[in-house]
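Visitor: 206 is the number of the first residue of the sequence shown in our numbering; add one for each residue after it.
Just so you know, even glycine gets a beta-carbon here, dropped at the ideal spot from N, CA and C.
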Amino acid sequence: MTHDVLVSGGGPVGLGLAIELGQRGHRVAVVERSPGLGRIPKGQNLTQRSMEILRTWGVEEAIRDAKTVPKGIGLGGVTAWGSLTSGYHYDWYNRADVRAYYAAASERLPQYETERVLRDRVAALDSVEFLLGWTTHGIEVGEDGAALSLTRWDETRRLEAPYLVGCDGSRSRVRQASGIDETVRDHVRLMALVVLRSPELFALVSDRFPDKQFFNVLHPDLDGYWMFFGVVDWGESFFCHALFPNDTDRATVDPTDLIRRAVGA
């Protein structure tokens with residue numbers, strides 16, 4: 206066996222597992238096919254409990270330093286009816302209210318910044334081998350363990366370990382190779398993640414809702430769903446979870462009008 210544990214997938218879950226095991230002296234290999242980091246914010250909220258765990262991994266301060274929102278800005282949000290400028294709204298989502306029950310405060314930053322910190326921590330652990338840019342083209346699972354066959358350009362490698370952990374997403378090849386079925390239900394509505402730059406939107410929400418980072422819009426036309434905005438880079442960019450018609454052409458869709466209606470501009 207080349208390692209104690211093989212981890213397929215170097216996102217937050219795979220990296221976190223590698224750090225936890227590596228700090229305990231286990232020989233771990235993490236395989237991640239993407240050498241770089243994307244720019245989609247994805248999961249941004251780190252709860253108090255998450256920050257407690259990150260503290261045990263030795264990265265709490267690095268995580269806080271990596272945030273894209275100035276220190277001291279609140280982590281709360283607001284929910285508005287009709288549009289963000291309708292005048293009907295209430296405060297929502299304030300984790301600071303339960304801060305006293307935890308050893309660490311919650312935090313918020315784009316997932317790619319969290320991954321950057323976790324990658325640096327993994328690289329500092331002698332017991333963890335981080336294989337960036339390698340593609341898995343073969344998985345063998347047996348009673349005594351598992352093996353991964355990897356390629357990178359004209360290089361090949363074979364890794365073996367008693368344990369293989371699939372942290373490789375919803376289309377996990379490890380899950381499929383292990384014979385684990387997936388139950389899938391069709392979702393009747395199409396939700397999309399839009400990332401946008403708009404200093405004008407930032408000026409509007411910071412004036413109306415100071416010290417907030419999340420902005421939700423409820424409307425009868427959304428049929429129980431909501432439009433959900435969140436600050437990414439302070440003063441400039443946002444993500445938006447938006448409800449689109451099911452027949453939307455992803456190649457040509459322009460979300461501008463939908464976003465304007467949610468804002469009320």
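(1) Excluding the five sequence neighbours on either side, which residues of its own chain have a C-beta within less than 8 Å of the C-beta of residue 430, listed in chain order?
(2) Taking the alpha-carbon positions, what's the residue 352 to residue 381 distance?
(3) Does DSSP classify residue 267 as helix, strand or coil?
(4) Which one or two residues does DSSP pair with residue 500 in a beta bridge?
(5) Out of 364, 327, 436 and 332, which one is the CA nearest neighbour of residue 345?
(6) Between which residues of its own chain and residue 237 is the CB-CB distance below 6 Å, once the five residues before and five after are set aside?
(7) Quick test of the definition: if touching needs 3 or more C-beta pairs under 8 Å, does the segment 374-388 touch the segment 399-418?
(8) What does the alpha-carbon distance come out to for the pair residue 257 and residue 217?
(9) Nearest to residue 350 by CA position, among 266, 369, 342 and 459, is which residue?
(10) Unbroken alpha helix (DSSP H) runs of length 4 or more, entirely within the segment 238-309: which are they?
(11) Excluding the 5 residues flanking residue 276 on each side, which residues of the same chain have their C-beta closer than 8 Å to its C-beta?
(12) So the alpha helix (DSSP H) residue 221 belongs to, where does it begin and stop?
(13) From this set, 433, 419, 367 and 295, which residue's C-alpha is nearest residue 206's C-alpha?
(14) Does the distance from the C-beta atom of residue 438 to that of residue 273 stay below 7 Å?
(15) Going by CA-CA distance only, name the one from 374, 253, 265 and 331 that's closest to residue 233.
Guide: Here's the rundown:
(1) Position 225 of the sequence shown, counted from the first residue, corresponds to residue 430. When the five nearest sequence neighbours on each side are left out, the beta carbons in the same chain lying within less than 8 Å of the beta carbon of residue 430 are those of 394, 396 and 448, in order along the chain.
(2) Counted from its first residue, the sequence shown places residue 352 at position 147. Counted from its first residue, the sequence shown places residue 381 at position 176. Their Cα atoms are separated by approximately 14 Å.
(3) Residue mapping note: residue 267 aligns to position 62 of the sequence shown, counting from 1. Helix.
(4) Missing from the structure shown is residue 500; the chain here goes from 206 to 470 and no further.
(5) Counting from 1 along the sequence shown, the entry for residue 345 is found at position 140. Residue 345 has its Cα closest to that of 364, out of 364, 327, 436 and 332.
(6) The residue you call residue 237 lines up with position 32 of the sequence shown. So the list reads 215 and 337, once near-sequence residues are dropped.
(7) A contact between stretches requires three or more CB pairs, one per stretch, nearer than 8 Å, and the segment 374-388 fails this requirement with the segment 399-418.
(8) Numbered from its first residue, the sequence shown carries residue 257 at position 52. Numbered from its first residue, the sequence shown carries residue 217 at position 12. Roughly 15 Å separates the two Cα atoms.
(9) On the sequence shown, position 145 is the one that residue 350 refers to. Checking every option, the nearest Cα to that of residue 350 belongs to 369.
(10) Within the segment 238-309, the complete alpha helix (DSSP H) segments at least 4 residues long are 253-261 and 265-270, listed from N- to C-terminus.
(11) The residue you call residue 276 lines up with position 71 of the sequence shown. Counting only Cβ-Cβ distances below 8 Å, and skipping sequence neighbours, we find 269.
(12) What you label residue 221 is simply residue 16 of the sequence shown in a count that begins at 1. Taken as a continuous stretch (DSSP letters only), the alpha helix (DSSP H) holding residue 221 covers 217-228.
(13) Indexing the sequence shown from 1 puts residue 206 at position 1. Answer by Cα proximity: 367.
(14) For the purposes of this step, residue 438 is taken as the residue at position 233 of the sequence shown. For the purposes of this step, residue 273 is taken as the residue at position 68 of the sequence shown. Yes. Within cutoff.
(15) Position 28 of the sequence shown, counted from the first residue, corresponds to residue 233. Selection 374, 253, 265 and 331 evaluated against residue 233 yields 331 as nearest (Cα-Cα).
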